[in-house]
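Start counting the sequence shown at 1; every next residue gets the next number (UniProt numbering).
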Amino acid sequence: MDKKECHEKSSGSDEELRRWIPISSVSEDQESSEEQVSGAVYSEMHHMISSIYAELHFMFKQDYKYDQFLGPEGNVDVELINKSANKYSLRFPTAGWYLWSATGLGFMVRDAVTMTIAFGSWSQHLALDLQHHEQWLVAGPLFAFTAEPEEAVAEIHLPHFISLQGEVDVSWFLVAHFKDEGMVLQRPSRVEPFYAVLDNPSFSLMGILLRIARGTRLSIPITSNTLLYFHPHPEDIKFHLYLVPRDALLTKMIDDEEDRFCGVRLQTSPSMQPLTFGAHYILSNSAHLEIIPTELKLSYRSPGEIQSFSKFYAGQMKEPIQLEITDKRHGTLVWKTVVKPVDIQLGAASAPRTFSGAAFVRENHRQLQARIGDLKGVLDDLQDNEVLSENEKELVEQAKTRQSKTDALLSMVEKKGDRALELLFRSLSERDPYLVSYLRQQSL
Numbered sequence: 001m002d003k004k005e006c007h008e009k010s011s012g013s014d015e016e017l018r019r020w021i022p023i024s025s026v027s028e029d030q031e032s033s034e035e036q037v038s039g040a041v042y043s044e045m046h047h048m049i050s051s052i053y054a055e056l057h058f059m060f061k062q063d064y065k066y067d068q069f070l071g072p073e074g075n076v077d078v079e080l081i082n083k084s085a086n087k088y089s090l091r092f093p094t095a096g097w098y099l100w101s102a103t104g105l106g107f108m109v110r111d112a113v114t115m116t117i118a119f120g121s122w123s124q125h126l127a128l129d130l131q132h133h134e135q136w137l138v139a140g141p142l143f144a145f146t147a148e149p150e151e152a153v154a155e156i157h158l159p160h161f162i163s164l165q166g167e168v169d170v171s172w173f174l175v176a177h178f179k180d181e182g183m184v185l186q187r188p189s190r191v192e193p194f195y196a197v198l199d200n201p202s203f204s205l206m207g208i209l210l211r212i213a214r215g216t217r218l219s220i221p222i223t224s225n226t227l228l229y230f231h232p233h234p235e236d237i238k239f240h241l242y243l244v245p246r247d248a249l250l251t252k253m254i255d256d257e258e259d260r261f262c263g264v265r266l267q268t269s270p271s272m273q274p275l276t277f278g279a280h281y282i283l284s285n286s287a288h289l290e291i292i293p294t295e296l297k298l299s300y301r302s303p304g305e306i307q308s309f310s311k312f313y314a315g316q317m318k319e320p321i322q323l324e325i326t327d328k329r330h331g332t333l334v335w336k337t338v339v340k341p342v343d344i345q346l347g348a349a350s351a352p353r354t355f356s357g358a359a360f361v362r363e364n365h366r367q368l369q370a371r372i373g374d375l376k377g378v379l380d381d382l383q384d385n386e387v388l389s390e391n392e393k394e395l396v397e398q399a400k401t402r403q404s405k406t407d408a409l410l411s412m413v414e415k416k417g418d419r420a421l422e423l424l425f426r427s428l429s430e431r432d433p434y435l436v437s438y439l440r441q442q443s444l
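Given below as structure tokens:
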């Protein structure tokens, strides 16, 4: 399936989902969301919303774009206004329910409203030792909101990754607000699978916490993501596998970090069952490839922190590889997938071309200066591509030592700009692919 086909399929899912988005008919003198519709219609609406969240969780792709909400009258564009702060701006044009399917965040609004949304980091606001002492468990992403006018927002649906089964008690759920005076805890209006609701909310930096009674030793089931990336290489394809709670910002940060080093995410199935927070899981494969490490602990690390992952190499990968994750304590199978050679071919073909050969040459000037092998071949390539003139080529060749020749070449090409550096990188990749691969792997 090519990029266009993938896009069309995704758009089709959006169209199907949009038909389910409820439209709330609201008059100005109605003050609460319950008063806006009859009790029966209101109950039906929230049953529909819960169904949509479940459908998103189990059926739809996990990589929805970050630039759109789904609303009662179609898509609403989201504008990234501060990339470093992960801050977005948008305007809901009319009353109704809106869902940011990339994050699981939802709003019920009474009227048109302009909002800003930013992602926060729990570790910057809630110390890990305090979490342990108070038996607080981070249960979802952290968001900062503003709304104008504030009274237009009837409900916020905050996503969480706790599975509501077994011994989990919804009374443990709290909304943590981080304000100037410190952290303020509030009970949500209600807790649903995948999200908790705040009616008539105030606006701050907020997210979902679980507070578990002291002395209670329970296994907390959570929904999780198994993220599998491959790094293309003609001789030895590398894989990274992450096992993390289902946190939209966490997934986005891992995606961005892998993308920096040309990692391509493969679409995989979700876990067969909710996994246990703090439990240990074992990764294995059918090809008896060495995995480092084989054991992963399912824990929460804030976006921006170094995330743990397992790594393995699969050579040229001419045969399918089956991957399995089992619960270390019980030995039960919790996740499996099969990666076929065609998956790698399609993934590599559709991967965004964000890697910069020019940046690679600049960043590795010293290593290239000492280690370029086929210097004569590289000079010929650059002359053929009109990067170097005959005189410039001769100047490089007249340098006394090999290192001074490569230094002269690199300095000369860097002065000519990015196009020249990209052509140099292409030549190096073709003539010394192992050196290029080695230097790129060192950056991971």
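Even glycine gets a Cβ: it sits at the ideal position worked out from N, Cα and C.
Since we're looking at a predicted model, the values are computed, not measured.
Please classify R329 as buried or exposed, where buried requires at least 16 neighbouring CB atoms within 10 angstroms. One-based indexing of the sequence shown puts residue 329 at position 329. With fewer than 16 Cβ atoms within 10 Å of its Cβ, R329 is classed as exposed.
Classify Q403 as helix, strand or coil using the three-state DSSP reduction. Counting from 1 along the sequence shown, the entry for residue 403 is found at position 403. In the structure shown, Q403 sits in a helix (DSSP, three-state: H, G or I).
How would you write the range of the beta strand (DSSP E) that L99 sits in, first residue to last? Numbered from its first residue, the sequence shown carries residue 99 at position 99. Looking at the DSSP string, the run of the beta strand (DSSP E) that includes L99 is 96 to 100.
Coarse secondary structure for Q307, derived from DSSP in three states: To locate residue 307, count along the sequence shown from 1; it is residue 307. Looking at Q307 - three-state DSSP - the assignment turns out to be coil, as it is neither helix nor strand.
Alpha-carbon to alpha-carbon, W122 and T294: Indexing the sequence shown from 1 puts residue 294 at position 294. Indexing the sequence shown from 1 puts residue 122 at position 122. Their backbone Cα atoms lie some 28 Å apart in a straight line.
Going by DSSP, which residues form a beta bridge with T337? In the sequence shown, the residue the question calls residue 337 occupies position 337. Partner(s): L323.
Work out the CA separation of S204 and residue 449 for me, nearest whole Å. Missing from the structure shown is residue 449; the chain here goes from 1 to 444 and no further.
Going by other Cβ atoms of all chains shown within 10 Å of its Cβ, with 16 needed for buried, is I292 buried or exposed? Locating residue 292 in the sequence shown gives position 292, counting from the first residue. Burial check for I292: the Cβ neighbour count within 10 Å stays below 16, so the residue is exposed.
Helix, strand or coil, according to DSSP, for L298 in the structure here? For the purposes of this step, residue 298 is taken as the residue at position 298 of the sequence shown. If DSSP states are grouped into helix, strand and coil, L298 belongs with coil.
Could you say which of R371, S101, T226 lies nearest to Q273 if we only look at CA atoms? The residue labelled residue 273 in the question sits at position 273 within the sequence shown. Check the Cα spacing between Q273 and each of R371, S101, T226: the tightest is with T226.
Are the beta-carbon atoms of L375 and K340 separated by less than 8 Å? Against the sequence shown, residue 375 aligns to sequence position 375. Against the sequence shown, residue 340 aligns to sequence position 340. Contact flag unset, no.
What runs of the beta strand (DSSP E), each 3 residues or longer, lie entirely inside the stretch 102 to 151? Every unbroken stretch of the beta strand (DSSP E) spanning 3 or more residues and falling wholly within the stretch 102 to 151 is given here in chain order: 105 to 109, 113 to 120, 136 to 148.
Using 10 angstroms around the beta-carbon of E305, count the other beta-carbons present and answer buried if the total reaches 16, otherwise exposed. The count along the sequence shown starts at 1 and reaches residue 305 at position 305. Counting the other Cβ atoms within 10 Å of the Cβ of E305 gives fewer than 16, which makes it exposed.
Where S101 falls, given that 16 or more other Cβ within 10 Å makes a residue buried: Translated into the one-based positions of the sequence shown, residue 101 becomes position 101. By the beta-carbon neighbour count (other beta carbons within 10 angstroms, threshold 16), S101 is buried.
Beta-bridge partners of residue 446, as assigned by DSSP: Missing from the structure shown is residue 446; the chain here goes from 1 to 444 and no further.
Looking at C-alpha atoms only, which residue of Y281, H160, S429 is the closest neighbour of L210? Translated into positions along the sequence shown, residue 210 becomes position 210. The candidate whose alpha carbon is nearest that of L210 is H160.
Taking Cβ to Cβ, would you say S308 is nearer than 8 Å to L283? The residue you call residue 308 lines up with position 308 of the sequence shown. The residue you call residue 283 lines up with position 283 of the sequence shown. It is not a contact, given that the beta carbons lie outside the stated cut-off.
Can you tell me which of L70, L90, I117 puts its alpha carbon nearest to the alpha carbon of W97? Counting from 1 along the sequence shown, the entry for residue 97 is found at position 97. Cα-wise, what sits closest to W97 is L70.
State yes or no: is the C-beta of P221 within less than 8 Å of the C-beta of Y300? Here residue 221 is taken as the residue at index 221 of the sequence shown, counted from 1. Here residue 300 is taken as the residue at index 300 of the sequence shown, counted from 1. Going by C-beta atoms, P221 is not nearer than 8 Å to Y300.
Using DSSP bridges, identify the partner residues of P159. Position 159 of the sequence shown, counting from 1, holds the residue named residue 159. Beta-bridge analysis with DSSP links P159 to Y195.
Within 10 angstroms of its Cβ, does H157 collect 16 or more other Cβ (buried), or is it exposed? On the sequence shown, position 157 is the one that residue 157 refers to. H157 should be labelled buried.
Ordered along the chain, which non-local residues of its own chain (more than five positions away) have a Cβ less than 8 Å from that of F425? Within the sequence shown, the letter at position 425 stands for residue 425. A distance below 8 Å between beta-carbons, with the five flanking residues on each side excluded, links F425 to the following residues of its chain, in chain order: G357, A358, F360, V361, V436.
Round the Cβ separation of V334 and Y281 to the nearest angstrom and send it over; I've been treating them as touching at under 8 Å. Here residue 334 refers to the residue found at position 334 of the sequence shown. Here residue 281 refers to the residue found at position 281 of the sequence shown. Going by Cβ atoms, the distance from V334 to Y281 rounds to 7 Å, so yes, they are a contact pair.
Taking only three categories from DSSP, how would you classify V170? In the sequence shown, the residue the question calls residue 170 occupies position 170. Look at V170 here: in three-state DSSP terms it is helix.
Along the chain, where does the alpha helix (DSSP H) containing S429 start, and where does it finish? Translated into the one-based positions of the sequence shown, residue 429 becomes position 429. Counting along the chain, the alpha helix (DSSP H) containing S429 begins and ends at 418 to 431.
Counting Cβ pairs closer than 8 Å, one from the stretch 244 to 264 and one from the stretch 227 to 235, do we hit at least three? Touching, yes, given that three or more Cβ pairs across the two stretches are closer than 8 Å.
Report yes if the C-beta distance between A144 and A118 is below 8 Å; otherwise report no. Here residue 144 refers to the residue found at position 144 when the sequence shown is read from its first residue. Here residue 118 refers to the residue found at position 118 when the sequence shown is read from its first residue. Yes, these two residues count as a Cβ contact at 8 Å.
Beta strand (DSSP E) containing F69: first to last residue? On the sequence shown, position 69 is the one that residue 69 refers to. 68 to 71 is the extent of the beta strand (DSSP E) around F69.
Integer Cβ distance of A176 from L185, believed to fall under 8 Å: Position 176 of the sequence shown, counted from the first residue, corresponds to residue 176. Position 185 of the sequence shown, counted from the first residue, corresponds to residue 185. Contact holds; Cβ gap of about 6 Å.
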